[in-house]
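Number of protein chains: 2
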Amino acid sequence: MSKCEQCIIRQFNSLKSLTKDELVRISGCKTSRLIKKGEIIFEEGDTLNGVFCVKDGVCKLSKLSSNGKDQIVKLVVKGDLLGQRSLIGEESANLSAIALNDMEVCFIPKHEIMHDLQKNPKFTLDMLQQMAHDLKDSDNVIVDMAQKSVKNRVADVLIYVNEHFGVDEKGFLSINLSREDYANIVGTATESAIRILSQFKKEGLITTKGKQIKIENLQKLKHIE
Amino acid sequence: MSKCEQCIIRQFNSLKSLTKDELVRISGCKTSRLIKKGEIIFEEGDTLNGVFCVKDGVCKLSKLSSNGKDQIVKLVVKGDLLGQRSLIGEESANLSAIALNDMEVCFIPKHEIMHDLQKNPKFTLDMLQQMAHDLKDSDNVIVDMAQKSVKNRVADVLIYVNEHFGVDEKGFLSINLSREDYANIVGTATESAIRILSQFKKEGLITTKGKQIKIENLQKLKHIE
DNA sequence: CTCAAAACATGACAAATATCATATTATAAA
DNA sequence: TTTATAATATGATATTTGTCATGTTTTGAG
Chain A
68 MSKCEQCIIR QFNSLKSLTK DELVRISGCK TSRLIKKGEI IFEEGDTLNG
118 VFCVKDGVCK LSKLSSNGKD QIVKLVVKGD LLGQRSLIGE ESANLSAIAL
168 NDMEVCFIPK HEIMHDLQKN PKFTLDMLQQ MAHDLKDSDN VIVDMAQKSV
218 KNRVADVLIY VNEHFGVDEK GFLSINLSRE DYANIVGTAT ESAIRILSQF
268 KKEGLITTKG KQIKIENLQK LKHIE
Chain B
68 MSKCEQCIIR QFNSLKSLTK DELVRISGCK TSRLIKKGEI IFEEGDTLNG
118 VFCVKDGVCK LSKLSSNGKD QIVKLVVKGD LLGQRSLIGE ESANLSAIAL
168 NDMEVCFIPK HEIMHDLQKN PKFTLDMLQQ MAHDLKDSDN VIVDMAQKSV
218 KNRVADVLIY VNEHFGVDEK GFLSINLSRE DYANIVGTAT ESAIRILSQF
268 KKEGLITTKG KQIKIENLQK LKHIE
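Protein chains in written order, with the numbering used here: chain A, 68 to 292; chain B, 68 to 292.
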């Protein structure tokens, strides 16, 4: 099994602030795991006894609303940690995590992480900085949800996905979200999301091939009124 | 000037995790300040060189949206800290803070806080737990914004304000938010917020006197469809 | 490859919300 | 106290978004 000390992924998250010794210790008790597209990593209410370090693939974090619809709150990418919040807050998971494509993750037991949080101020501060940043992002999402139109939010997601996950060799967004996923990110009905994507298609802002989407005019997409 | 070591307010925030010595040091360089209702404490984009510890009063944290409307993201209360996120994230303020009533705050210079964050793991971990909790709250707000109706969200704010700030001797909500503030919390047009409050009044859920609001039927308010 | 299930698409209509206009009432400064 | 200003209130109407129905296309299991 590969070793944390040599793993390049940790450069992208707070684990980079651990000492060599701490990494060796974590490496000794971590477990690696392959997760298939569509698989549930954990669900709302689950008790997490560790964190996941995402080595490859993407998953969605969602929450079931009182109206029965899922709201996707965040997309978690290669390099991100998963589950820190519940662990640190000593609470059960507030969100469900479901793989959007095949994933490879490492699982680090709770007690290892908590130990390091208590002993390594640099690690804790790094985690704190990461959370401060996430909190800022969250505030911005709240503002957008509250103030922007659905059309605008759909455009924003396309731009976001384009920037964060890029495109494949043919120019299609390299993550394939279903129309329902788009609706659940934006917070609208699936039909509404579909309608807006169709409209974008008519206006030449995007083209599609099956569920695949290619952005044709990023600038116009950025300036949806 | 009063001393941090003896201040009861710190029990409500992460400052409770500081040692006696650290508190004495902070006490020596903090400044106390009175802020009048309506006064701007800081604005989006400002560089904060410290955090505020709220000893009394309430303020709103808001962000100007691209459509020109203010979105209120959070109400900050007695006992809360203000400005930690920008400080920790090493960024300029992402939100504006405006007093909703007369406030009393203590200002603690940046370098003192950062010093303790680097030296006292207990303090950092406490702050981290607080942020994990805030992040969970934020996720829930996002879900509500995305999935609940405006009417539902207005009811939720009334319930929230009632629970967190209580009522005065006559039973009116003890914080007086303007109708525009309510609209800016909920993320709707001021007229829509007014209309919904009027409707609640007709249905006997609330009564009003000027801008003051009294909840008459909390149970029904909690079960708006 | 075939075919049933799921995902996508679109029309028709209903409901929710925003916008604009215009009163009315409350508030605070002179 | 007066009075200008801001806040609250409400009607009329437009726009946005959701819902239900139904058809088409895509996908993946066998």
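No residue lacks a Cβ here, since even glycine has one placed at the ideal position from N, Cα and C.
Here the structure is a predicted model, which means the values were calculated and not measured.
- In three-state DSSP terms, what is D235 (chain A)? Sequence index remark: in the first sequence, residue 235 (chain A) carries index 168 (1-based). Correct three-state label for D235 (chain A): coil.
- Rounded C-alpha distance that separates S133 (chain B) from N219 (chain A): For the purposes of this step, residue 133 (chain B) is identified with residue 66 of the second sequence, where counting begins at 1. For the purposes of this step, residue 219 (chain A) is identified with residue 152 of the first sequence, where counting begins at 1. Taking the straight line joining both Cα atoms gives about 11 angstroms.
- Task: May I ask you to verify whether the segment 239-247 of chain B touches the segment 268-285 of chain B, counting CB pairs closer than 8 angstroms and requiring at least 3?
- Result: yes
- Message: Using 8 angstroms as the threshold, is the C-beta distance between L162 (chain A) and S129 (chain A) below it?
- Response: As a working note, residue 162 (chain A) is residue 95 in the first sequence. As a working note, residue 129 (chain A) is residue 62 in the first sequence. Cβ distance < 8 angstroms, so L162 (chain A) and S129 (chain A) count as in contact.
- CB-CB length for A260 (chain B) against Y249 (chain B), believed under 8 angstroms: On the second sequence, residue 260 (chain B) is found 193 positions in, with the first residue counted as 1. On the second sequence, residue 249 (chain B) is found 182 positions in, with the first residue counted as 1. About 5 angstroms; that satisfies the 8 angstroms criterion.
- Item | Per-residue DSSP class, three states only, for E171 (chain A) | Counting from 1 along the first sequence, the entry for residue 171 (chain A) is found at position 104. Strand, per DSSP.
- Query: For V217 (chain B), which residues of its own chain have a beta-carbon under 7 angstroms away from its beta-carbon, when the five flanking residues on both sides are left out?
  - Reply: On the second sequence, residue 217 (chain B) is found 150 positions in, with the first residue counted as 1. Only V253, T255, S259, I263 meet the Cβ criterion.
- Item | Sub-8 angstroms separation of Q214 (chain B) and K186 (chain A) beta-carbons | Here residue 214 (chain B) refers to the residue found at position 147 when the second sequence is read from its first residue. Here residue 186 (chain A) refers to the residue found at position 119 when the first sequence is read from its first residue. Not a contact, by the Cβ cut-off of 8 angstroms.
- Message: Here's the rule I'm using: 16 or more other beta-carbon atoms within 10 Å means buried, otherwise exposed. How should D235 (chain B) be labelled?
- Response: Walking along the second sequence from the start, residue 235 (chain B) turns up at place 168. Exposed.
- Close-in-space but distant-in-sequence residues of the same chain around T86 (chain B) (CB under 8 angstroms, 5 per side omitted): Here the question's residue 86 (chain B) lines up with position 19 in the second sequence. Around T86 (chain B): N187.
- For K268 (chain B), which residues from the same chain have a beta carbon less than 8 angstroms from its beta carbon, with the 5 sequence-adjacent residues on both sides left out? On the second sequence, position 201 is the one that residue 268 (chain B) refers to. Around K268 (chain B): T274, T275.
- Message: Please identify, using Cβ separations under 8 angstroms, the residues of the segment 192-207 of chain A that lie next to chain B, in order along the chain.
- Response: L192, M194, L195, Q196, M198, A199, H200, D201, L202, K203, S205, D206, N207
- For A260 (chain B), which residues in chain A fall below 7 angstroms Cβ to Cβ? As a first step, residue 260 (chain B) must be located in the second sequence, where it is residue number 193. Those within 7 angstroms of A260 (chain B) in chain A number zero; the least Cβ separation is about 12 angstroms.
- Query: From G112 (chain A) to L101 (chain B), what distance separates their C-alpha atoms?
  - Reply: For this step, residue 112 (chain A) is matched to residue 45 along the first sequence. For this step, residue 101 (chain B) is matched to residue 34 along the second sequence. Between G112 (chain A) and L101 (chain B), the C-alpha separation is close to 43 angstroms.
- Task: Go ahead and pull the three-state DSSP assignment for C29 (chain B).
- Result: Absent from the structure is residue 29 (chain B), since the part of chain B shown begins at 68 and ends at 292.
- Message: Please give me, in chain order, every unbroken run of the alpha helix (DSSP H) with length at least 4 that falls completely inside the segment 82-128 of chain B.
- Response: 87-96
- Task: Confirm, please, whether the CB-CB distance from K127 (chain B) to L142 (chain B) is below 8 angstroms.
- Result: As a working note, residue 142 (chain B) is residue 75 in the second sequence. As a working note, residue 127 (chain B) is residue 60 in the second sequence. Yes. Within cutoff.
- Check D147 (chain B) in the structure and name its three-state DSSP category. On the second sequence, position 80 is the one that residue 147 (chain B) refers to. Of the three classes helix, strand and coil, the one that applies to D147 (chain B) here is coil, per DSSP.
- With C-beta atoms as the reference, is V121 (chain B) less than 8 angstroms away from V144 (chain B)? In the second sequence, the residue the question calls residue 121 (chain B) occupies position 54. In the second sequence, the residue the question calls residue 144 (chain B) occupies position 77. Yes. Within cutoff.
- Message: If you measure between the beta carbons of S84 (chain B) and F190 (chain B), is that distance less than 8 angstroms?
- Response: If you number the second sequence from 1, residue 84 (chain B) lands on position 17. If you number the second sequence from 1, residue 190 (chain B) lands on position 123. Yes, they are a contact pair.
- Give me the Cα-Cα distance between L244 (chain A) and V140 (chain A), rounded to the nearest whole angstrom. Taking the first residue of the first sequence as 1, we reach residue 244 (chain A) at position 177. Taking the first residue of the first sequence as 1, we reach residue 140 (chain A) at position 73. Cα-Cα distance, rounded: 14 angstroms.
- Partners in chain B for A213 (chain A), counting only beta-carbon separations shorter than 7 angstroms: Counting from one through the first sequence, the residue named residue 213 (chain A) turns up at place 146. Within chain B, the residues near A213 (chain A) are Q138, M212, G254.
- State the DSSP-derived secondary structure class of L184 (chain B), mapped to helix, strand or coil. Looking up residue 184 (chain B) in the second sequence gives position 117. DSSP places L184 (chain B) in helix when its eight states are reduced to three.
- Query: Are the Cβ atoms of F138 (chain A) and N207 (chain A) separated by less than 8 angstroms?
  - Reply: As a first step, residue 138 (chain A) is located in the first sequence; it is residue number 71 there, counting from the start. As a first step, residue 207 (chain A) is located in the first sequence; it is residue number 140 there, counting from the start. It is worth fixing the name first, because residue 138 (chain A) is Gln in this sequence and not Phe. No, they are not a contact pair.
- Beta-carbon proximity list for G271 (chain B), same chain, < 7 angstroms, skipping 5 on both sides: Position 204 of the second sequence, counted from the first residue, corresponds to residue 271 (chain B). Close CB contacts of G271 (chain B) within its chain, under the 7 angstroms cut and outside five residues either way in sequence, are with E283, N284 (chain order).
- Would you please verify whether the beta carbon of I108 (chain B) is less than 8 angstroms from any beta carbon of chain A? Working through the second sequence from its first residue, we reach residue 108 (chain B) at position 41. No Cβ of chain A is located within less than 8 angstroms of the beta carbon of I108 (chain B).
- Message: Could you check whether the Cβ of L115 (chain A) sits closer than 8 angstroms to any Cβ belonging to chain B?
- Response: Taking the first sequence and counting its residues from 1, one reaches residue 115 (chain A) at position 48. False, the Cβ-Cβ gap to chain B never drops below 8 angstroms.
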